[in-house]
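Notes to accompany the following structure.
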Amino acid sequence: MKKYIFIFRLRFMNSLQYRTVVLGGVLKGFIWGFMEILMYKALYESSGSVFSMSFSQMVSYVWIQQVFMVLFRVVFADGEIYSSIAEGTIAYDLVRPVGLYGWWFSQSAANRLAFTILNCIPVFLLALLVPEPYRISWNLTVGQSIIFILSVLLAFLVVVSFAMLMYISLFYIIAQRGVRIIVTALTTFLSGGVVPLPFFPDKIRAIAQLLPFAAMQNTPLQIFCGNITGVNMIKAVAFQAFWFVTLFLIGKAAMAVSLKKVIVQGG
Amino acid sequence: MVLYMKYFLMQLKSQMQYKTSFFLAIIGQFLTAFTSFWGISFIFNNVSSVDQFTYEEVLLCFAVVMMSFSIGEMFGGGLSVFPRLMRNGSFDRILTRPRSIIFQVLAGNTDFARIGLIVQALVVLIYAVNKSRNSWTFLKICTLILMIGCGSIVFFCLFLITASCTFFTTQSLDFLNVFTYGARQFGRYPFSIYGKDILRFLTFVIPLALFQYYPLLYITDRNKSSYLVIFPVFSLLFILPSYGFFRIGLRRYKSTGS
Chain C
792 MKKYIFIFRL
802 RFMNSLQYRT
812 VVLGGVLKGF
822 IWGFMEILMY
832 KALYESSGSV
842 FSMSFSQMVS
852 YVWIQQVFMV
862 LFRVVFADGE
872 IYSSIAEGTI
882 AYDLVRPVGL
892 YGWWFSQSAA
902 NRLAFTILNC
912 IPVFLLALLV
922 PEPYRISWNL
932 TVGQSIIFIL
942 SVLLAFLVVV
952 SFAMLMYISL
962 FYIIAQRGVR
972 IIVTALTTFL
982 SGGVVPLPFF
992 PDKIRAIAQL
1002 LPFAAMQNTP
1012 LQIFCGNITG
1022 VNMIKAVAFQ
1032 AFWFVTLFLI
1042 GKAAMAVSLK
1052 KVIVQGG
Chain R
129 MVLYMKYFLM
139 QLKSQMQYKT
149 SFFLAIIGQF
159 LTAFTSFWGI
169 SFIFNNVSSV
179 DQFTYEEVLL
189 CFAVVMMSFS
199 IGEMFGGGLS
209 VFPRLMRNGS
219 FDRILTRPRS
229 IIFQVLAGNT
239 DFARIGLIVQ
249 ALVVLIYAVN
259 KSRNSWTFLK
269 ICTLILMIGC
279 GSIVFFCLFL
289 ITASCTFFTT
299 QSLDFLNVFT
309 YGARQFGRYP
319 FSIYGKDILR
329 FLTFVIPLAL
339 FQYYPLLYIT
349 DRNKSSYLVI
359 FPVFSLLFIL
369 PSYGFFRIGL
379 RRYKSTGS
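One line per chain: the protein sequences are C and R, in this order.
Position one of the first sequence corresponds to residue 792 (this note's numbering), numbered consecutively onward.
Position one of the second sequence corresponds to residue 129 (this note's numbering), numbered consecutively onward.
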């Protein structure tokens, strides 16, 4: 465990180097979030209260989504991992005295977390500074806040363990770009990245809520904006924990199987 | 032009070499466009109109923007290799050749996987045109073609500007995606819904509204004055500053060695 934490720290420091990129990310997040809110404002003004979320809930949803944008992204710039599969440097990774699953897991987790830590606070502050109807509001009690943070953490773990499955699939499907685009599209949509899950038509929502994607950003975001409350919060968090453990175990097993017959590309 | 076709065919052939990769990328693009489409259609399950635009009219808008974006990106997206070219010095090689720089970079990097997006946009466009209740006169069809044509060029210019920035930073700036991918994301709805100030910005600074919002008013019979038809053409003025910016950047360019 200690060595994985070390890998994590190393990657983390490495990612901290790119400060201009992070500044760009803050601006982008802010503009993006603001435009999104203006869009919903127009929608709410045209037809008022037909939505299953109120406008202020929607504002919180959009902002907190921007705050954790990178943390909950399945496909992120994990360049080392992609090139290690495509260019064959995986051979070096394999001779290291650490499990490959843990190695990659810590790497991907660190990449996302480092970026988020630099990124999330400025975006959050900006979201607190904008004038009233567009301002983010923290309406959670202390207990709810704890569950919210727990849920953020679990969603993050689900995201990384799902990304691990994608990396493993790249052993078999060498077409990295295509896989990445498809995974981005599906995970973003089904985790409520395009429109929140409560806006889905009932039948589709019933299915989408059971999938692991619902355990990603969807759960913490809905807890934050007050759409999931009371006992349901506990249920939602348990659901996330279930998917994390499942995906983690599948990933470990799949990794073990595929490493037995990995063909190293190139030399 | 002959040379471009040659480059083009070679590019297509080389991309077709990795068939699974190519087709998976196309499917991926197709899916991406679809999630974006579902995003709108799920919203319109709940509401009947936004800012007095109906579902079909919004779809028309969506299709025009998607289409222009994907054409613009198919050609201009290749410019995003600028930072890489500059870092490994192959840009110097390009500078020495007797053809225009934009041409060389473009011809070598046209991305055909964008066809997935174009096809999806086309499907939505046909659907939206069929569904919209207003009558399609010849002038309206011309307007629609102008919207898409000029829109593609504006998107191309945006990609050019994004790429030119690397002359100053030698690093790609993720932030500038707000103007390219953001325009695709938020151009799904008529730009008027974001309020007057943003509409003004998108008319006079980055002329996205010129090919999206104003001609849409004409097509949907909201404004009958036919001078709106040529509004998309005005957006072509955007070529001047973007090309100028590229030239300025080029003059400042210093090789990174090796």
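No residue lacks a Cβ here, since even glycine has one placed at the ideal position from N, Cα and C.
Asked, Found
"Residues near glycine 1058 (chain C) in its chain [Cβ-Cβ closer than 8 Å; skip 5 each side]", "With a pLDDT of 45 at glycine 1058 (chain C), under the threshold of 50, the modelled position of this residue cannot be trusted; read the value that follows with caution. Result list for glycine 1058 (chain C): Gly879, in chain order."
"Inter-residue spacing [alpha-carbon to alpha-carbon] between valine 130 (chain R) and valine 233 (chain R)", "16 Å"
"Cβ-Cβ distance between methionine 844 (chain C) and tyrosine 317 (chain R) below 8 Å", "no"
"CB contact below 8 Å: glycine 815 (chain C) versus chain R", "yes"
"Residue(s) in a DSSP beta bridge with phenylalanine 181 (chain R)", "R:Val178"
"Sequence-distant residues of the same chain with beta carbon closer than 7 Å to glutamine 967 (chain C), five excluded per side", "Tyr873, Ala877, Leu961"
"Check whether glutamine 1031 (chain C) and alanine 997 (chain C) have beta carbons under 8 Å apart", "no"
"Distance CB(serine 982 (chain C))-CB(asparagine 1023 (chain C)) smaller than 8 Å", "no"
"Cut-off 7 Å between Cβ atoms - residues of its own chain near glutamine 856 (chain C), not counting five sequence neighbours on either side", "Gln1008, Leu1012"
"Inter-residue Cα distance where the pair is leucine 272 (chain R) and glycine 323 (chain R)", "24 Å"
"Limits of the alpha helix (DSSP H) - the one that isoleucine 243 (chain R) falls within", "243-259"
"Threonine 348 (chain R) burial status per 10 Å Cβ neighbour count (16 or more: buried)", "buried"
"First through last residue of the alpha helix (DSSP H) which encompasses proline 360 (chain R)", "359-362"
"Within the region 811-896 of chain C, ranges of the alpha helix (DSSP H) (whole runs, at least 4 residues)", "846-858, 870-878, 881-886"
"Cβ of tryptophan 166 (chain R) within 8 Å of any chain C Cβ", "yes"
"As assigned by DSSP and simplified to three states, the class of leucine 928 (chain C)", "Correcting the residue type first, residue 928 (chain C) is serine in the shown sequence and not leucine. Note: serine 928 (chain C) maps to coil in three-state DSSP."
"Residue of R:Leu338, R:Ile376, R:Thr294 minimising C-alpha distance to arginine 212 (chain R)", "R:Thr294"
"Nearest-angstrom Cα separation, counted from tryptophan 854 (chain C) out to glycine 984 (chain C)", "12 Å"
"DSSP-derived helix/strand/coil call for serine 386 (chain R)", "Confidence at serine 386 (chain R) is low in this model, with a pLDDT of 47, below 50, so the placement of that residue should be treated as unreliable; the coordinate-derived value is given next. Of the three classes helix, strand and coil, the one that applies to serine 386 (chain R) here is coil, per DSSP."
"CA-to-CA distance, glycine 279 (chain R) to lysine 832 (chain C), given in whole angstroms", "26 Å"
"Bounding residues of the alpha helix (DSSP H) (the contiguous stretch that carries proline 1003 (chain C))", "Element bounds for proline 1003 (chain C): n/a, residue is neither H nor E."
"Cysteine 278 (chain R) (DSSP reduced to helix, strand or coil)", "helix"
"DSSP three-state assignment for methionine 792 (chain C), whether helix, strand or coil", "coil"
"Alanine 954 (chain C) versus valine 865 (chain C): straight-line alpha-carbon distance, rounded", "5 Å"
"For threonine 331 (chain R), the first and last residue of its enclosing alpha helix (DSSP H)", "324-332"
"C-beta atoms of serine 942 (chain C) and isoleucine 1014 (chain C) nearer than 8 Å", "yes"
"Interface partners of arginine 968 (chain C) on chain R, CB under 7 Å", "Ser149, Ala153"
"Own chain residues within Cβ distance below 8 Å of isoleucine 367 (chain R), not counting five before or after", "Ile281, Cys285"
"Cβ-Cβ distance between glycine 820 (chain C) and methionine 860 (chain C) below 8 Å", "yes"
"Min CB distance aspartate 349 (chain R) to chain C below 8 Å", "no"
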